[in-house]
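The structure under discussion appears below in the form of structure tokens.
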Amino acid sequence: MKTTNVPLPGRRSFSEGSPGRRSRIVPRRHVGWLFLILFLLIAGLAIGAPLPTVSSSPAEQDEPGGAPVHPQVPKLQTALDRYRAIAGSGGWTAIKGTRKFYQEGVSDPAVTQLKERLRASGDFPSDDTSSAFTEELTAAVKRVQKHFGFPENGVVDAALLKELNVPLRKRIAQLEANLARVQKLPEPAPGTRLVANIPEYKLHVYEGDRHVFDMAVVVGSESNKTVLFNDEMTYLVFSPSWNVPPSIVKNEILPRMRGSHDYLWRNNYVMEGEEGGLPKIRQLPGAGNSLGRVKFVFPNENNIYFHDTPAKSLFSLRKRAFSHGCIRLAEPQKLAEYLLRNNPEWTPAKIKSAMNSGREQRVDLPGKVPVSLTYLTAWVDDDGALNFREDIYKLD
401 MKTTNVPLPG
411 RRSFSEGSPG
421 RRSRIVPRRH
431 VGWLFLILFL
441 LIAGLAIGAP
451 LPTVSSSPAE
461 QDEPGGAPVH
471 PQVPKLQTAL
481 DRYRAIAGSG
491 GWTAIKGTRK
501 FYQEGVSDPA
511 VTQLKERLRA
521 SGDFPSDDTS
531 SAFTEELTAA
541 VKRVQKHFGF
551 PENGVVDAAL
561 LKELNVPLRK
571 RIAQLEANLA
581 RVQKLPEPAP
591 GTRLVANIPE
601 YKLHVYEGDR
611 HVFDMAVVVG
621 SESNKTVLFN
631 DEMTYLVFSP
641 SWNVPPSIVK
651 NEILPRMRGS
661 HDYLWRNNYV
671 MEGEEGGLPK
681 IRQLPGAGNS
691 LGRVKFVFPN
701 ENNIYFHDTP
711 AKSLFSLRKR
721 AFSHGCIRLA
731 EPQKLAEYLL
741 RNNPEWTPAK
751 IKSAMNSGRE
761 QRVDLPGKVP
771 VSLTYLTAWV
781 DDDGALNFRE
791 DIYKLD
């Protein structure tokens with residue numbers, strides 16, 4: 401075994417010998433470093449400490465312990481870095497428009513400001529600085545409208561101007577808040593999964609990382625916020641009845657009953673006893689049922705689920721926060737067909753028939769489907785475009 405001679409106090413140097421070789425004199429100024437190296441080697445051997453390694457996985461480098469990250473994390477981080485760079489370059493100025501709307505063919509000083517604003521955010525790469533609202537600007541406005549959740553008509557109205565005039569510092573803060581949210585989200589599960597993004601008013605259907613389709617939804621109002629959580633869908637119910645929650649019985653049904661003696665009968669409600677000093681009221685299956693013709697259940701303590709609705713006109717609105725907390729679907733039959741696509745018994749024709757039968761029928765799904773109710777007011781879509789939405793619950 402090789403040994404090292406440790407110098408005694410007052411010695412100027414020490415020598416390290418090997419057979420057949422002349423000893424090399426080590427200068428005294430290096431002795432301290434050799435002591436430190438010797439100590440670390442002995443400590444490492446004593447505790448069996450492994451040599452440090454560098455992970456080759458980007459996900460493992462981003463999260464402590466090698467935990468994978470949500471796909472939105474690097475995308476939002478890149479967007480945040482870009483917006484900080486825009487701020488460092490001078491940012492953008494507000495558009496001072498006086499017209500009710502601006503569209504192709506209009507010539508106005510505010511159009512020049514609009515071009516400068518979109519150029520600053522990278523949405524109008526042209527060097528055109530004229531006051532004319534051109535075809536090229538119309539195309540840019542349509543893209544921006546899509547990314548802000550507006551109808552893509554190429555017309556700049558007061559609502560779109562308000563979004564474009566949000567100060568850059570607020571957009572940066574919005575990106576920071578959403579980056580913090582996605583950093584807490586788990587890595588997407590493989591297989592079918594459903595993600596409802598509340599501020600977007602959309603339900604997204606995924607197969608792993610692949611986006612299959614989406615649909616418009618109505619979400620909880622500001623006073624009846626949809627609860628944010630993750631769960632698993634296990635079954636759906638065709639032609640459902642609705643057990644009216646006590647809060648709705650007290651605040652909505654009873655006042656209407658006092659104003660109209662036949663209110664329950666006209667709306668297909670029945671009373672089934674009493675509980676907690678309030679009547680227990682159930683709405684029978686049918687076209688006017690508040691749950692529509694199908695509901696999708698992921699059992700949870702919040703009693704939140706997806707369902708159809710007879711109030712179809714709400715889906716034409718841009719802002720759709722009107723429910724008591726549950727999520728209403730614009731295309732419930734499409735979702736039912738997709739979830740039951742591998743069950744040969746449940747053809748599209750049979751699903752449609754069950755939805756219109758008026759007979760309540762539960763159908764268990766072949767496997768549990770992950771459901772995530774999320775709240776993102778900023779995200780990067782599949783095309784790499786940064787999207788923003790209004791902070792409807794004031795969570796940013």
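Residues in the sequence shown are numbered consecutively from 401, following this note's numbering.
Beta carbons: idealized from backbone N, C-alpha and C, even for Gly.
#1: Does DSSP put A754 in a helix, a strand or coil?
#2: Going by DSSP in three states, Y606 sits in which element: helix, strand or coil?
#3: Tell me which residues share the same chain as P567 and place their Cβ nearer than 6 Å to its Cβ, disregarding the 5 neighbours each side in the sequence.
#4: Just to check my reading of the structure: V769 and L594 have Cβ atoms closer than 8 Å, yes? What is that Cβ distance to the nearest angstrom?
#5: Let me know the alpha helix (DSSP H) ranges lying completely inside the region 712–740, each 4 residues or longer, listed in chain order.
#6: Give me the Cα-Cα distance between G490 and L740, rounded to the nearest whole angstrom.
#7: Classify A754 as buried or exposed, calling it buried when 16 or more other Cβ atoms lie within 10 Å of its own Cβ.
#8: Can the beta-carbon of D796 be found closer than 8 Å to that of T774?
#9: Could you spell out where the beta strand (DSSP E) holding G767 opens and where it closes?
#10: When the Cα atoms are used, what is the spatial distance from L560 to Q545?
#11: Which residues does DSSP list as the beta-bridge partners of G620?
#12: For M671, count neighbouring Cβ atoms within 10 angstroms of its own Cβ and tell me buried if that reaches 16, exposed if not.
#13: Alpha carbon to alpha carbon, what distance is there between N553 and A520?
#14: Going by C-alpha to C-alpha distance, which of M633, G659, P679 and A711 sits closest to N700?
#15: Please report the straight-line C-alpha distance between L786 and G608, rounded to a whole angstrom.
#16: Run through the region 629–681 for me and flag every whole beta strand (DSSP E) of 3 or more residues, listed as ranges in chain order.
#17: Going by CA-CA distance only, name the one from E622, N667, Y705 and D614 that's closest to V637.
#18: Determine the DSSP secondary structure at L594, reduced to helix, strand or coil.
#19: DSSP three-state call for H470: helix, strand or coil?
#20: Taking the alpha carbon of I727 as the point to measure from, which residue in V618, Y502, E535 and R499 has its own alpha carbon closest?
#21: Would W642 and Q683 be called neighbours here (beta carbons separated by less than 8 Å)?
#22: State buried or exposed for V582, treating a residue as buried only when at least 16 other CB atoms are found within 10 Å of its CB.
#23: Going by the CB atoms, is the gap between A540 and F524 shorter than 8 Å?
#24: Buried or exposed, going by whether 16 or more other CB atoms sit within 10 Å of the CB of W779?
#25: T512 and V526 - do their beta-carbons sit closer together than 8 Å?
Working from what's here:
#1: helix
#2: strand
#3: none
#4: 6 Å
#5: 732–739
#6: 53 Å
#7: buried
#8: no
#9: Q761 to T774
#10: 8 Å
#11: S723
#12: exposed
#13: 22 Å
#14: M633
#15: 22 Å
#16: 630–638 and 669–675
#17: Y705
#18: strand
#19: coil
#20: V618
#21: yes
#22: buried
#23: yes
#24: buried
#25: Inspection of the sequence shows that residue 526 is occupied by Ser rather than by Val. No. Outside cutoff.
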